[in-house]
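Accompanying notes for the structure given below.
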Amino acid sequence: MLDLVGQPLTWTHTLIFAAYGVLLLLIILGFVTYAIYFERKVIGWMQGRYGPNRTGPFGLLQTVADVFKLLIKEDTIPRKADRPLFILAPVITFIPSFVVVATIPFTANLIHADLNVGLLYYVALSGISTIGMILGGWASNNKYALLGGMRSAAQMISYEVPLVISVIGVIMMTGTLNLHKIVEAQGDNFWNWNFLPQIVGFIVFMIAGVSELNRTPFDLPEAESELVAGYHVEYSGFRFAFFMLAEYVYVFAIASLTTVLFLGGWHAPFALLAFIPGIVWFLLKFSIIVFFFFWIRATMPRIRIDQLMGLGWKVLLPLALLNIFITAIYMGITA
Amino acid sequence: MNGVVTPYLTLAAILFCIGLYGALSKKSGVIVLLSIELMLNAVNLNLIAFAKLGAQPALTGHIFSLFTITVAAAEAAVGVAILIALYRNRGTGDVEDMNSMKH
Amino acid sequence: MSDNLLSLIVFSPLIGIIVLLFLPQDRKAILQKVGIAATVLPLLLSVWLYAAYVTLNTEMQFKQQFDWITIPLNKEGVEGLTNFYWTIQYHLSVDGLSMPLVFLSALIFTMAALASVYIKKRWKAYFIWLLLLEVGVLGVFTSQDLVLFFLFFEITLVPMFFLIGIWGNMDREKAANRFLIYNGLGSAIMLIVFAILISTAGISQEIADNSLTVSYSGDIQNITRNLLQDSESLVNQASGDPQNQNPFYLSDTMKTTLFLLLLAAFGIKLPIFPFHTWMLKVHTEAPPSVVMIHSGILLKMGAYGLIRFGVLLFPAEAVQWAWTLALLGVINILYGAILAFMQKEFRLVLAYSSISHMGIVLLGLAAFNPIGMQGAVFQMISHGLISALMFLLVGSIYERTSTTELDKLGGLAKSMPFLSAVLLIGGLASLGLPGLSGFVSELLAFLGLFGTARTLAVIGAVGIILTAVYVLRGIMKITYGPIRDKHLGLPDAKWIEAVPMITLVAFILLLGVYPAVLSEPLQQTVNGFDRMIHSIAGKVGG
Amino acid sequence: MGPIRLHLQDLTHLLPEITLVVTAVLLTVIDLLLPKKIDRRLIGWLSLAGIAVSTGFVIMQMNPAQAVSLLSGSYRIDDFGNLLKLVFLGGTALITLMSLGSVEEKDIPHIGEYYYFLLPAVLGAMIMASSSDLITLFVGLELLSITSYVMVAMKKKDTKSNEAAFKYVVLGGISSAIILYGMSFLYGMSGSTNLAVIQQAIISGYSDYKPLLYVAVFLLLAGFGFKIAAAPFHSWAPDVYQGAPTPITAFLAVVSKGAAFAILFRVFYALFALGQFPEDQLTEDVFLALSVVAAAAMVVGNTAALRQRNVKRLLAYSGVANAGYLLVPLAVHINLVQVDNFSKFLFYLIAYLLMNIGLFAVLIVIEKSTGDSDLKGFAGLYYRAPFTAIATILLILSLSGIPVSAGFFGKLYLLIGTMQAHMYWLGGVMIITGVLSFYYYFGLIRQMFMRVDTNDRPIRITTPLGIVIWFCAGISLALGIFPGLLLRYIDSIFSLTRDLLILS
Amino acid sequence: MYTVKYLIVAIFVALGVLLPIAALTIGRWLRPNKPTEDKATTYESGNEPIGEGQIRFNIRYYLYALMFVIFDVETVFLYPWAVAYNQLGLFALVEMCIFIVLLGVGLLYAWKKKVLQWTSI
C-alpha cells in the first residue's frame, strides 16, 4: 500500500489517502474511547475496585455515554474570557496531536507520510500543543487556569529537551530521521532493537514521555487537588473534551513512537516468529506501553513540582547528554 | 535572477519592513524583541529562497539559516533576561519608560 | 658645537623644567630663581648665535638635519618601486629672518620670567609651562620642516592655554578657550595646506642603479625646489590625459587656494582684522608676563609663518594678491587705531594698538621690495620689544592700583616717577618717534609701500597719526592730571621690575639709534627673498 | 566541495582562539565550584593569564609565508587578522587589568562572570578579524555582540545598566538583522558565503545584479554603521556607554568598535577594492558612501559632544567622531600612490585604543571618588591626584590630536592619506571638526586644573588602575615621538594582496 | 514524491481541523443554551473572584523558557550531526564532544546559579 506514495499524484490516490486518514481518525477516536475505559478498569483492578461496570456489558459503553454527555452539555464561556482565543485553544491543542500520527509507520507497508525528517516532524509539531494549553489558560482569565497553563508549559518544555536529546542516540545508530528507516534498521530479533544499546536513552525517553503526556506521577498541570483542574478549569462540554482527546491521542502517538524508535516497530522479537503479520507485533508492543502508562498511574504518587523540574533538568538532561557520549563510544567499539 | 524567487524576496522584504517598523515603534519591550525575531526570520526566508531557487542553488543557505536561528534564539534569550531584570528594578517593560539617561 | 647649537637653544629650557620638577612646589623664591635662570640659558646661547651668524651669507645657517621619523609606505601599488617613504625630518636652521626672532624670543622670555613677580600661585607649574612654551616658540622659528614646524606651533597652544587659564584674571577660562579654539582653527587650516604640500610638492625621487626610491617629506627646501625652481618636477606637470591624472600636480587654482588658506591660517594668529577678537580677550585676561610673550612673540609667529610659507612658497600668488594684503594691512592699521582711540581700558588700548601695528607688518610685506620687507621684519622685532615693555608696565601698574581703566588712573608720575618715565618712552617708541625702534620700522615699511602702492601708503600713514593721538592720550591720562588719594603712597618699581624695563628700553633705543644690528643680518636674506620672488612672479606675470 | 576536514596541524593555527575558549570554560567551572568567600579577583587574574597565553600564540604565528586558509576557506590566518587580534587582546588585557583595580562586588553581583565574559567577547572579535566567510563573520559578530549585551547589563540592580543593555540588545539586534539581510543578498547573487567566491560572482554577474548589489552594500554599510557607532547610526552609543559598567564601556568603545571595523575593512576591501567591475560607478559610490558616513560621524560626534555634561556620554560622542576618523582610511580608496590604508587604520586604532582605555581608567578613578561620571567630578583632580592628572593631559592631548602624541600622528597620517587621494574635503572636515573637539577635551583639562573641588580629599588610585593609566599615556607619547617603529613593523609584515584581499 | 508525502500531512491537518468544527457544530445543535449572569462568572473555588484573572505569574517561568530556547535550539545542530555521524569521522566526533561539553557547562552553570531550582526564586 505504501507503493501508492511512490507513485505520481492523481485524484484517485488523493481519495485513497483521505479515506485512510478518516479511517485512522476513527480508529484513534475508538482507541481514545476505550483507552479511557481500559484505564479505569486497569486502575480499578489494581486498586481492588471494579471500575465502570454499569453502562453496557462490563461497562463497555461507559465512555461512550460520557462522550454523549459532554456533547449535549451546555457550553459556557466566562464573560471575562478572551473569546476568540478561548474557542481556539482546544483546537490548537488537538490538531497537532492528530497530525503527528501521519508519519508513524505501523507496518512495513501500511500507508503513512514517509517523511525524511519524520522524527523532527513529530517533535516540532507536538510542541505546538503547548501553545494551545497556555492560550487556554490565559484566555480563561482565571487565576487557576493561568497557573495551570504556565505550569503545563513549563513542564512540557522542560521535558521536551531531554526527550529530544534522548533520541539522538537512535538517530546516530540508524543514521536517519526517517521513522520507517529507523524501524527497518532494527532487526527481526529483539536484541537488535534499539532499546538495548540505547537503554539510557530509552529510559529517559519513557520518563520524559510520561511527563510530556502530563500523566501521573507528572500530572501537575491538571492536579485536581491543587489547581482545581488546571488550565481547562473554565472549559466545559465538548471544548473540554478536546483537551482530553488531545491528551489521549498523544498517548497513542507516544506509545507508537516508542514502539517505532526503541522496540523495533513491526518486527517480531524472534526471527522465527516473523510469519506473524507485523501489525500484530506492533499492536502488541503498543499495548504493552499503553498498559505501562496506566500501570504507573495506578501505582505512583504525584510528585512535587520542584522535584518534577529537578528531575527533568538535573537528572534526565545530563543523562540524555551522557547517552550521546555512550552511543558514540559504543559505535566506536562495534564499528 | 529568475522570476520564481521574486515572490519570496518580496515577502521577505515585507516581513523585514514590518519587523523594522515594529522594533522601532512598539511600546512593549517584548513586542520589540519579537519584531527583531521577525526581521531575522525574513532573512531566513531570503536565505532559504536563495538556497533553493537562487542563481546558484547551494546548501549553504540552509546552514546559514540554522546559524541565524540559533543566534536569534540566543539574542532573544539575552534580551528577555535583560527585560526581566529591568522589569524587576523598574516595574515596567515599556520602551517609552526607558528615559533615565539624558545628559 | 655650532652644528647643534640650534638644538641646544631650542631644548635648553627643558633643563629648567627637569630641575623644577624636583623642587618642592611651595618654595616661591627658589622656584623663581631657577625659572629665571632657566630662561637665561637660551638667551646666552642665542647671543652666541647672533655673534656666530655670518651676515653676508644668504644660505641657511647652523643647519642640523636628519630623518626623525621614517614611515615606510606600502609600495604594492607601483611596479618597480624599491623604496617608498614618508619622512619627517628633524631640520633646524636659521637665516636672517629667523635668527633675530630667535634672539627676540629668548630675550622676551627672560624678561617675562623676571616679570613673574606678579604671579601669585602655583609657581612651579607656572615656570614649567612657561619654559615649555619657550621650547615651542624657539622651535617654530628654527624648524625647516613643515611637520616639525607644525609640531612646535601646536606645542605652544597647550602651555598658553594653561598660562591663561590658570593665572589669568576673572574671565580667564573663557579667554583660554577662545585662544585655543581660534588658534586651533588656524593651525588646522595650516595643517591642511601642509598635508597637501607634503603629498604633492613634498615628493622626491632618487634613481640609483636598479632601484627607485620615492619619498615624501615636509622639508621646506625640497618643497621650494619642487614648487619653484624645478620646472620639470612632477608638481608642475599637468598631464593632459584625464583618465590618468598625475597625482602630484598642483594647478594654479590650487596654489592660489593654498596661499589664501595660509593667509587665513596665519591671519588668525597675526591677527588680521576679522579674526582678531580672540586676541583682545587674551590681552585683557592673561597675566602680564604671559601677555608680554603673547604680544611680543606669539603674534610674530603668525607674521613669520606668513612670510616663510605664504610668501616664500607661493611668491607668484602672493604678488598677485599684494594689493589685498596691503588693503588688509591698511584696514588693520585704521581699525586698530580707531578702536584703540575709543577704549577706556589701557590694556585694550594696547591690544588694539597691536592690531594696528601688525597692520604695518602686512603693509611692509605687501610692498614686495627689499625695503618694505625689511620694514616688516623690523616692525616685528620692534613691536615685540615695545609691546612686551608696555604690557610689563601695565602689569606693574595694575599690581599697584588694581585697575587699568583710564578713568580711574591719573597722576601716577607723582608717586611712581620711574614707571611713568618708562611708560612715556614706550609710548613714544610705539608712536614712532625718531631715535626709537618704532620709527625705523614704520619708516621702512611705508617707504617700501610708497614704491608700489602710494594711495594705500598714504591712507595707512593716517593711522600713524592716530597712533600718536591714542598713545599719548592714554599715557597722559595715566601719568598726569590729578592723582587719586589712594594712589599717593604707592611704591615705584622694584629692581626686579626695573631690570626688564631697562633692558627692553635699551634694546628699543639700540634699534632706533643703530638699526644696523638688525638690518645687517637681515639685508642679505631679504634681498635673496626679493630676487627669488621677483624671478618667479616675473616669470608668471610676464 | 569535499567534506570539511580539520587536521591537528590546522588546530595549531587556531591555538589563540582555542586557548580563549578553554580558559573561558575552565573559569566558568572554577567560578561555579569555588567557595563563595574566595576573592573573585582570582578569576580576573586567571583570565588575564589566558589572554596572555593567547597573545603569545598569536605572536608565534605572525607573518606567515602564505595566508593559512582553514575550514574550506572560511577562516584565514593572515597578518590582517593577526595584527588586529593583537590589538584586541591587548585592549582586553588592559580592560581586565583596569577592572581588577576597580570593580567591586557591591556594583556587580556576579563578579566572576564579569571577568570571564570578556574572553568570549574578545574571541568573537578575533573570529571577526580572521574570517573570510559570511557565516563565520556573522557568528563572530554575534558572539561579540551577545556577550557585550550581557556585560552591559552586569550591574544587575542598576536600572541604568538594565536600560542601557536593553537598548543595546534592541538596536544591536536590529543592526544584526540588517547586516544579515545584506549578507543574504550577497549569498543570493553568488550561491556561496565565501568572500572570494562572492567577489568572483558579483564581478562576473555585475550587469544582472547591479541593483541588488547596491541594496546589499548599503544594508551592510548601515548595519556595520550601527556596530561602529558612526553617525547617523550612533543613537544607541551615549545611553549604552552611560549605563554600562565603565570598563565595559571601554570595551565597547575600543574592542567592539575595532572588531566591527575589521569586518567592514575585510568585506568592503575584499569585494570592492580592486574595482574590477565593468564600470567604476559602483566602486566609486561605495567609497563615496563610506566617506560621507565618515564625515557625518565626525561632524555629529564632535558637535554633540560639546553639549555633554556626563563624561561617559561625552566619550561616547567622541567615540562617534573617532569612528569617523577610523573610517577615513577605509573610505580613501587605494590608488597608485596611496596603498597603505591598513597601516593608517591600524595605527590610528592603536592610538585610539590607548587614549580611550586610559581615559576610561581615569574616569573610573573619578567615579569611585564621586559616585557618578559627571564632568564636575574632574574638578581639582590636579590637586587630588597630580600624577593621574598629568597622565590625563597626555591622554587628552592624544585624543584631541595635539602633538606630540600618537593621536596627533595618527590623524596626520590619515590626513596625508586623504590628500594623496585628493579627497581634500574629507581631510578638511576631519581636521576642522578636530578643532571643535578641543573645546570639550580641554573642558576636562579646565576642570582638572582650573577648578577646585569643594571637598578636597585626595584620591587613592589602585595599582592596576595606575598601571593602566600610565601605560596608556606613556605609549601614547612614545608612539607620538617614534611612530616609525610601529609602522615599519607593520609594513615589514603586511601585504595588501597577501593579507587583506582574499584572492582565490 | 515530495508532494505526495506532504499531501498526506495536509489531509491529516484538514481532518484535524474538520473534526473540532464538526463536533462543535453538532454539539451546538444538540446542547441547550441558557446563559445567565452567574454562569458566566469566573470560577474561583466558589468565592467571588478577586481582582484580575490574568495575574502576574512568577518570573521563574521565563527562566525555564529561556533554558528551553537555548537547549532546544542547540539540538538543531545535534540532529544533523547525529544523522551524518557515521560518515563524518573523528573530526565531527571531537567537535560534537566539545559542543556537548559546552552545553554541559551551560547546564552546570544554570544548576549552580539555582536556575533549575523551583523554589529558589
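Chains as they are written, first to last, in full-length UniProt numbering: chain D, 1 to 335; chain C, 1 to 103; chain Z, 1 to 542; chain Y, 1 to 504; chain W, 1 to 121. Built from N, CA and C at the ideal position, the CB exists for glycine as well.
Q) Considering only the beta carbon of each residue, do residue 235 of chain Z and residue 226 of chain Z sit closer than 7 Å? A) yes
Q. Residues in the segment 17 to 37 of chain Y with C-beta within 7 Å of chain W's C-beta atoms, listed in sequence order?
A. 25, 28, 29 and 32
Q: Under 8 Å by Cβ, that's how I've got residue 179 of chain Z and residue 282 of chain Z pegged, so tell me the actual separation to the nearest angstrom.
A: 5 Å
(Q) Mapping the DSSP letters down to three states, classify residue 245 of chain Z as helix, strand or coil. (A) coil
Q.
Quick check on the DSSP output: the alpha helix (DSSP H) that includes residue 52 of chain C runs from which residue to which?
A. 29 to 53
**Q.** Under the three-state DSSP convention, the category residue 236 of chain Y falls into
**A.** helix
(Q) Within 7 Å of any Cβ in chain Y, is that where the Cβ of residue 41 of chain C sits? (A) no
Q) Secondary structure at residue 294 of chain D, three-state DSSP: helix, strand or coil? A) helix
Q. Residue 309 of chain Y by DSSP, collapsed to three states: which one?
A. coil
Q | Interface partners of residue 349 of chain D on chain W, CB under 9 Å | A | Any property of residue 349 of chain D remains undetermined from this structure, which presents chain D solely from 1 to 335.
Q: Can you say whether residue 84 of chain D is buried or exposed, counting buried as having 16 or more other CB atoms within 10 angstroms of its CB?
A: exposed
Q | residue 160 of chain Y vs residue 108 of chain Y beta-carbon contact at 7 Å | A | no
Q. Which class does residue 294 of chain Z belong to by DSSP, given the choice of helix, strand or coil?
A. helix
Q. So who's on the other strand from residue 165 of chain Y, going by DSSP bridges?
A. Per DSSP, none; premise fails for residue 165 of chain Y.
Q | With 16 other Cβ atoms within 10 Å as the buried cut-off, status of residue 19 of chain C | A | buried
Q: To the nearest angstrom, report how far apart residue 49 of chain D and residue 297 of chain D are at their CA atoms.
A: 15 Å
Q.
For residue 263 of chain Y, report the span of its beta strand (DSSP E) as first-last.
A. Careful: residue 263 of chain Y lies outside any beta strand (DSSP E), inside the alpha helix (DSSP H) at 257 to 268.
Q.
List, in chain order, every chain Y residue whose beta-carbon is nearer than 8 Å to that of residue 123 of chain W.
A. What is shown of chain W runs 1 to 121, which leaves residue 123 of chain W out entirely.
Q: Measure the C-alpha to C-alpha separation of residue 262 of chain Y and residue 123 of chain Y and round it to an integer number of angstroms.
A: 13 Å
Q) Helix, strand or coil: which one does DSSP assign to residue 62 of chain Z? A) strand
Q) Hey, residue 147 of chain D and residue 68 of chain W are a contact pair by Cβ (cut 8 Å); roughly how many whole angstroms apart? A) 18 Å between Cβ atoms; not a contact.
Q) Is the Cβ-Cβ distance between residue 127 of chain D and residue 103 of chain D less than 7 Å? A) no
**Q.** Below-7 Å beta-carbon distance, residue 302 of chain Y vs any chain C residue
**A.** no
Q: Have a look at D:58, D:318, D:290 and D:139 and flag the residue whose alpha-carbon is nearest the alpha-carbon of residue 116 of chain W.
A: D:318
(Q) At the level of alpha carbons, what is the spacing between residue 106 of chain Z and residue 297 of chain Z? (A) 10 Å
Q) Whose C-beta lies closer than 6 Å to the C-beta of residue 165 of chain D among residues of the same chain, with five residues either side of it excluded? A) 320
(Q) By DSSP's criteria, residue 86 of chain Z is part of a beta bridge. Which residues make up the other side? (A) Z:71 and Z:216
Q | Counted within 10 angstroms of its Cβ, other Cβ atoms place residue 267 of chain D as buried (16 or more) or exposed | A | buried
(Q) Quick test of your reading: residue 91 of chain Y and residue 255 of chain Y, contact by CB under 8 Å. State the CB separation rounded to the nearest angstrom. (A) 5 Å
Q | Per-residue DSSP class, three states only, for residue 192 of chain D | A | helix
Q: Rounded to whole angstroms, what's the CA-CA distance from residue 96 of chain D to residue 249 of chain D? Just pull it up for me.
A: 10 Å
Q. Which residues in chain Y sit within 8 Å of residue 109 of chain W, going by Cβ to Cβ distance?
A. 28 and 32
Q. Using a beta-carbon distance below 7 Å, is residue 345 of chain Y in contact with chain Z?
A. no
Q. How about residue 141 of chain D and residue 54 of chain W: are their beta carbons less than 7 Å apart?
A. yes
Q.
Is the separation between the beta-carbon of residue 242 of chain Y and that of residue 98 of chain C shorter than 7 Å?
A. no
Q: Have a look at residue 371 of chain Y and residue 102 of chain W and give me their C-alpha separation to the nearest angstrom.
A: 38 Å
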